[in-house]
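Reviewing the structure listed below.
There are 4 protein chains.
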Amino acid sequence: MKNSKSHTNDCLSASREITVRFSEVDSMNIVWHGSYPLYFEDAREAFGHKYGIDYLTIFGNGYYAPLVDLSFQYKRPIVYGMTIRVDIFYRPTDAAKIVFDYEIYNVADGQLMATGSSTQVFLDKQYQLVWTNPDFYQEWKVKQGIN
Amino acid sequence: MKNSKSHTNDCLSASREITVRFSEVDSMNIVWHGSYPLYFEDAREAFGHKYGIDYLTIFGNGYYAPLVDLSFQYKRPIVYGMTIRVDIFYRPTDAAKIVFDYEIYNVADGQLMATGSSTQVFLDKQYQLVWTNPDFYQEWKVKQGIN
Amino acid sequence: MKNSKSHTNDCLSASREITVRFSEVDSMNIVWHGSYPLYFEDAREAFGHKYGIDYLTIFGNGYYAPLVDLSFQYKRPIVYGMTIRVDIFYRPTDAAKIVFDYEIYNVADGQLMATGSSTQVFLDKQYQLVWTNPDFYQEWKVKQGIN
Amino acid sequence: MKNSKSHTNDCLSASREITVRFSEVDSMNIVWHGSYPLYFEDAREAFGHKYGIDYLTIFGNGYYAPLVDLSFQYKRPIVYGMTIRVDIFYRPTDAAKIVFDYEIYNVADGQLMATGSSTQVFLDKQYQLVWTNPDFYQEWKVKQGIN
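Residue numbers (this note's numbering), protein chains in the order written: chain D, 11 to 157; chain Y, 11 to 157; chain B, 11 to 157; chain P, 11 to 157.
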């Protein structure tokens, strides 16, 4: 699992605050685990907008970037009405992939509620897997100082 | 990741067939990854009903069994209208946990579409983590020939 | 609201049985209202497969049929583990629309749990509203004895 | 259907801006209709927080307020990446109900994208319908100048 100590100052990251919806909790009043992928998606969108690598940019360049691997680990119960902050960290890799780590915190007391990670690959418009970084993504990485 | 070869004949398992809903595919006509937790949940319910270890039984015995860890790995695109079969395998462990592995197949051609695993722990009615197997679960394991 | 007495014997209809998922109930252990559109969708798919008017057929003929109007009325609480039957009834209309009525029953005791209705229109591939019935749909209506 | 002209200046109302998630659009890149109940729920939460009538307040007073009737009408397609504003309007009624009207606008150009309405009733902790306004709700109405 991701070690948060590795998030050095020069790590690309973003944050999104979310207030838990009534529809997201289960009969124990705890967020249903199927909501984590949604929270992570919200964080990816915040990251994409901040760094110019959102879904529309990816589509506009002729690619689709589906998630092929996702994991999350529950630490403490997230309950109805709680405001959480989802931190997303870009994890550099040489492969033609986009890898993110996630940390969810309770805004009120700063406690870590959950962690996770996701991996995306690139498909072209014929749904074929792309084995090397698309040009637009390689240029984006260079621009961000990642190589 | 789960090696399917380890699913020996005496492994407790169940299956659920699911026809992909229109609402579960994204703008590429591929199942949105956030649907995998739902498919896995359907398989757990099939397992629970088959072996007498469903949520209502767990609740009735005074416990709640939230997922604390989930992962899935995409292999091939699941699309609208496809009928898939979700196989669920019980993975024995000494810890006070319920661990499952999952495999999703395309019914039409038998291809493996995705894999995954999940871990559940036990909380009592005061939301406290239980460190040893609850009696009802230990009895269930013995009855199933698991030790 | 739909009067169930109007469902005469020659009404086109279909049914789908659904067992309520744990993820579909809220903190009162009652199905969250946002699940009704999903149950209605399941019934539409059952209808579409039975009568040859499913989404893929509509797409294949060059159209998209989004819902433009939906309503539902709660009668009794649907709870976790309950098996429900969603009955769907085709309501003939001269307009270029597909209108359905829905009734949800508790399978165990036959009680009516909820009702609803939906209206779909036709868009062409340029997302333009179609004001007269597409040929394929008009032919389908004739074939079903609807005029 | 709700006539927006009736929303006079002294109408209790609230607004919530929402950016459409990738997971909320279907294979036509249009928001799936099952997302409208979620958008309306977001607006109700905004209203509840603004006027002190949120779910936790209702629960704290010993009641549950499930939706028993919901309808929505599509006007124009809401697409991925669009920022929408959901306006919610409290519709006074003498019955022991909470009735809201909704209007969804495209923030960029102010166009009306969808409308809707919802009705909630009160259940006590034994899940029994309450036929007269609970005291806390009657007091809230008086405080808001509604009666």
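By construction, the Cβ of each residue, glycine as well, lies at the ideal position given by its N, Cα and C atoms.
Query: Separation of B/V41 from B/N13, as counted between CA atoms; Result: Because B/N13 sits at a pLDDT of 42, beneath the cut-off of 50, its placement in the model cannot be relied upon, and the following sentence gives the value as read from the coordinates. Whole-angstrom Cα-Cα distance: 24 Å.
Query: Length of the line joining the Cα atoms of D/I63 and D/S81; Result: 22 Å
Query: Beta-carbon proximity list for D/V89, same chain, < 8 Å, skipping 5 on both sides; Result: V30, V35, N39, I40, V41
Query: Collapsed DSSP secondary structure at B/R54 in the structure displayed; Result: helix
Query: Cβ of D/V9 within 8 Å of any chain B Cβ; Result: Missing from the structure shown is residue 9 of chain D; chain D here goes from 11 to 157 and no further.
Query: Within the segment 64 to 134 of chain Y, ranges of the beta strand (DSSP E) (whole runs, at least 3 residues); Result: 77 to 84, 93 to 100, 107 to 116, 122 to 131
Query: Residue burial classification, D/Q138 (beta-carbon count within 10 angstroms, cutoff 16); Result: exposed
Query: Buried or exposed by the 16-neighbour rule on C-beta atoms within 10 Å, applied to B/Q130; Result: buried
Query: Proximal chain Y residues relative to D/R104, where beta-carbon distance stays under 9 Å; Result: Strictly speaking, residue 104 of chain D in this sequence is Asp, with Arg absent from that position. Within chain Y, no residue comes near D/D104; the closest Cβ sits about 20 Å away, beyond 9 Å.
Query: Other residues of its chain near Y/E55: CB distance less than 7 Å, five sequence neighbours each side excluded; Result: D64
Query: Any chain D beta carbon closer than 8 Å to P/K15; Result: Only weak support is given to the placement of P/K15: the predicted model assigns it a pLDDT of 47, under 50, and the value that follows is read from those uncertain coordinates. False, the Cβ-Cβ gap to chain D never drops below 8 Å.
Query: The segment 91 to 106 of chain D contacting the segment 21 to 29 of chain D, beta-carbon criterion three pairs below 8 Å; Result: yes
Query: First through last residue of the alpha helix (DSSP H) which encompasses P/E149; Result: 145 to 153
Query: Alpha carbon of D/D145 to alpha carbon of P/K135, nearest angstrom; Result: 60 Å
Query: Contacting residues, own chain, Cβ-Cβ under 6 Å from B/K15 (five flanking each side not counted); Result: Summary for B/K15: the model assigns pLDDT 47, below 50, so the residue's position carries little reliability; its value from the coordinates is reported in the next sentence. Answer for B/K15: no residue qualifies.
Query: Proximity of P/N66 and P/S128 at Cβ, strictly below 8 Å; Result: Checking the sequence shown, residue 66 of chain P turns out to be Leu, not Asn. Taking 8 Å as the Cβ cut-off, P/L66 and P/S128 do not qualify as a contacting pair.
Query: Bridge-paired residues (DSSP) for D/T142; Result: BP columns for D/T142 are empty, so no partner.
Query: Closest by C-alpha distance to Y/Q148, when choosing among Y/S37, Y/T125, Y/K107; Result: Y/K107
Query: Rounded separation between D/V117 and D/I94 - CA only; Result: 5 Å
Query: DSSP beta-bridge partners of B/S23; Result: B/F99
Query: Interface residues of chain P facing Y/D36 [CB-CB closer than 8 Å]; Result: F32, S33, V35, D36, S37
Query: Cβ-based contacts, 8 Å cut-off: residues of the segment 40 to 66 of chain B near chain D; Result: W42, G44
Query: Sequence-distant residues of its chain with Cβ nearer than 7 Å to Y/S45 (five each side left out); Result: E34
Query: Cβ neighbour criterion (16 or more within 10 Å) applied to B/R86; Result: exposed
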